[in-house]
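Following: one structure in structure tokens, then a few remarks.
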Amino acid sequence: MTMSSVAATCNIIVITDPTGQDPNGAAAGSMSFAENMFQSTFLMSKDNHFAVLSGGTGSSDVRLDSIVDAVANLENNVSAASAASIASSYSGARLVVGGPYMGAAIGGSFDAYVITVNDADNSITVTPYSSGVATLPIGQKGAIIHLRNTDGNPMYGTADSVRKETAMNIGKMIRDGYPATTILSEALGEVARDSGEKYGGGGVNLVSGLSTSDMFTPTEMNSTGFPMDDPYSKVCEECGWGVGYPTADNYEKCPVCGHDLKVVYAYEALGNTLTVGKNSVSVSVYGSGKAGIAATTKEIVQASVNKYGYDASAIAGSINKGINNGLLMGVDHIEPKDINVKPDSKAVGVYYTALPGDRSAPAWDLPVDGNILNILGSIQTAVGIVLILLVIFRSRLLKSFQNR
1 MTMSSVAATC
11 NIIVITDPTG
21 QDPNGAAAGS
31 MSFAENMFQS
41 TFLMSKDNHF
51 AVLSGGTGSS
61 DVRLDSIVDA
71 VANLENNVSA
81 ASAASIASSY
91 SGARLVVGGP
101 YMGAAIGGSF
111 DAYVITVNDA
121 DNSITVTPYS
131 SGVATLPIGQ
141 KGAIIHLRNT
151 DGNPMYGTAD
161 SVRKETAMNI
171 GKMIRDGYPA
181 TTILSEALGE
191 VARDSGEKYG
201 GGGVNLVSGL
211 STSDMFTPTE
221 MNSTGFPMDD
231 PYSKVCEECG
241 WGVGYPTADN
251 YEKCPVCGHD
261 LKVVYAYEAL
271 GNTLTVGKNS
281 VSVSVYGSGK
291 AGIAATTKEI
301 VQASVNKYGY
311 DASAIAGSIN
321 KGINNGLLMG
331 VDHIEPKDIN
341 VKPDSKAVGV
351 YYTALPGDRS
361 APAWDLPVDG
371 NILNILGSIQ
381 TAVGIVLILL
391 VIFRSRLLKS
401 FQNR
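Number 194 in UniProt numbering belongs to position 194 of the sequence shown; there are no gaps in the numbering.
Written out as structure tokens, the structure is:
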């Protein structure tokens with residue numbers, strides 16, 4: 001099987017707190033109209049708090065070589081500008097590099113704006129750059145946005161105006177005190193709506209080490225990721241319960257408390273995932289690669305923590321309810337020992353056991369032997385089924401009759 005080439009046509013890095021004190025003070029992300037937007041388009045070092053975003057017109061091999069080279073140099077403490085400049089050594093490659101402690105830079109083949117915000121007078125400077133190397137200095141509040149249109153995008157030709165408008169809006173949000181994670185999500189939403197370069201990709205929080213991981217990336221090779229301007233889930237703002245699409249189409253009211261559900265778009269879900277707050281929870285899911293399991297589990301765990309706190313038994317109970325009502329399919333019931341809770345870091349790990357064969361739900365806990373159910377399944381008449389049930393429950397029925 002061959003994999004078609006991919007390039008992240010939208011790369012954004014935002015730094016609102018160059019000191020690294022704000023847990024949401026630096027974020028980065030990528031999108032494209034192209035296929036195969038896997039997580040390798042936004043690499044992150046949790047230890048050294050930097051990101052490497054890749055793209056360009058070169059081949060996948062060329063981009064991979066440039067990424068490896070840049071990461072190796074960053075591990076040896078070179079500057080963001082030096083690491084980004086490596087892209088110029090590879091035909092058609094582009095690298096966006098940065099973090100809260102090193103500033104940011106873009107190098108190689110690009111059309112970008114560098115945004116800076118002056119603390120003294122809140123002035124905003126938006127400067128266009130094309131190819132070479134452009135930098136956001138260490139200690140400076142600001143951002144870098146690159147945007148081009150992909151061939152075949154129905155909105156081809158919009159990149160220049162959208163790049164400029166989004167850059168100006170990023171500057172205003174930095175000036176007004178929004179955290180980098182929120183600014184990144186809003187900018188990705190704007191780019192998705194107005195330029196069509198909308199498929200994830202995803203993003204990273206460079207201070208807290210959070211990532212959207214595979215929330216929006218393609219589930220299969222040679223396919224597009226999740227559109228960042230499409231509805232992603234529905235959530236209850238009253239109790240915190242939520243469910244992802246397409247299952248969300250079946251719910252208008254919260255099944256827990258009965259309140260109306262709010263539609264959350266993908267770019268908003270990205271911001272919620274990356275932003276650290278008093279109610280935020282980082283959820284890791286293991287044991288199942290089935291589509292929708294990770295996203296739905298995160299919604300269930302978030303709602304459970306909001307209501308019951310970091311209680312492994314309560315989380316396990318909430319997840320098992322999700323399995324019983326069909327929200328989670330293809331995994332077995334879990335126990336509290338399958339939940340790894342770390343309240344100090346606001347993290348929860350969920351370890352599933354995948355169901356064997358093609359089963360989508362665990363076996364029912366019924367007072368009927370499994371072989372009897374197989375027999376029932378082979379009986380083709382309602383009368384036959386009734387006779388079998390009468391035989392199975394005859395003693396219970398007789399006792400009930402005698403008691404009456």
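In this text, a Cβ means the ideal position worked out from N, Cα and C, and glycines have one as well.
Cα-Cα separation, residue i to residue j
i: K253; j: E75; result: 50 Å
i: T9; j: I67; result: 16 Å
i: I86; j: D69; result: 7 Å
i: Q380; j: A347; result: Note on Q380: pLDDT 49, under 50, position unreliable in the model; no value is reported.
i: P246; j: P218; result: 16 Å
i: D176; j: G326; result: 44 Å
i: A134; j: K46; result: 24 Å
i: P148; j: Q302; result: One detail in the question is off: residue 148 reads as Arg in this sequence, not Pro. Taking the straight line joining both Cα atoms gives about 36 Å.
i: D119; j: S88; result: 33 Å
i: A248; j: S185; result: 22 Å
i: V331; j: I339; result: 14 Å
i: P179; j: V191; result: 19 Å
i: D214; j: S59; result: 23 Å
i: V162; j: L64; result: 28 Å
i: N36; j: S223; result: 6 Å
i: I183; j: G189; result: 10 Å
i: T297; j: S123; result: 43 Å
Close beta carbons around residue i, own chain, < 6 Å, minus the five adjacent residues each side
i: T273; result: T212
i: G139; result: P18
i: P255; result: none
i: M1; result: In this prediction, M1 has a pLDDT of 42, which is less than 50 and means its spatial position is unreliable; what the coordinates show is noted afterwards. No residues qualify anywhere along the chain.
i: T275; result: N24 and T181
i: S318; result: I300 and S304
i: R94; result: G55, G56, A87, G108, S109 and F110
i: Y310; result: V341 and P343
i: A83; result: A70, N73, L74 and V97
i: I174; result: T16, V117 and K141
i: R193; result: D229
i: A294; result: V285
i: K290; result: G330
i: T158; result: S195
Residue closest to residue i, alpha-carbon to alpha-carbon, out of the options
i: A34; options: A363, G201 and V117; result: G201
i: M44; options: S30, G189 and A291; result: S30
i: T127; options: T135, V114 and A134; result: V114
i: D22; options: D111, N11 and H49; result: H49
i: T57; options: F110, P227, A84 and A51; result: F110
i: L328; options: A81, Y308, S288 and G55; result: S288
i: I144; options: A28, Y286, G132 and H333; result: A28
i: S313; options: T224, R94, T297 and K337; result: K337
i: D171; options: L64, R63, K141 and N73; result: Checking the sequence, you will find Gly at residue 171 rather than Asp. It is K141.
i: S360; options: E335, G349, I334 and N324; result: N324
i: Y90; options: S131, I124, N77 and G271; result: S131
Which of helix, strand or coil DSSP assigns to residue i
i: P100; result: coil
i: G177; result: coil
i: D111; result: strand
i: residue 405; result: Outside the displayed span of the chain (1 to 404) sits residue 405, for which this structure offers no information.
i: I13; result: strand
i: V191; result: helix
i: N205; result: strand
i: T182; result: helix
i: A7; result: coil
i: S131; result: strand
i: G152; result: coil
i: P255; result: coil
i: I67; result: helix
i: I144; result: strand
i: D260; result: strand
i: Q380; result: With a pLDDT of 49 at Q380, under the threshold of 50, the predicted position of this residue should be treated as unreliable, and no value is reported.
i: N320; result: helix
i: N340; result: strand
i: Y286; result: strand
Nonlocal neighbours in the same chain, by C-beta distance under 8 Å from residue i, ignoring five residues either side
i: E237; result: H259 and K262
i: residue 455; result: This structure cannot settle anything about residue 455, because the visible part of the chain is limited to 1 through 404.
i: E299; result: S233, V235, W241, G242, V243 and G244
i: K164; result: Y113, V126 and P128
Rounded Cβ spacing between residue i and residue j (contact assumed at less than 8 Å)
i: I12; j: G25; result: With a Cβ gap of about 15 Å, I12 and G25 do not count as contacting.
i: N250; j: E197; result: With 8 Å as the limit, N250 and E197 do not qualify as a contact, their Cβ atoms being about 31 Å apart.
i: A266; j: D230; result: 6 Å
i: A51; j: V204; result: 6 Å
i: Y352; j: I334; result: 7 Å
i: F216; j: G225; result: 5 Å
i: V350; j: V264; result: The Cβ separation is near 21 Å, so there is no contact.
i: G92; j: V62; result: 7 Å
Same chain only: Cβ atoms within 7 Å of residue i, ignoring 5 sequence neighbours per side
i: M168; result: V126
i: T150; result: T9, S32, F33, A34 and E197
Below-8 Å beta-carbon distance, residue i vs any chain B residue
i: V283; result: The chain labelled as chain B is not found in the depicted structure, where only one protein chain is given.
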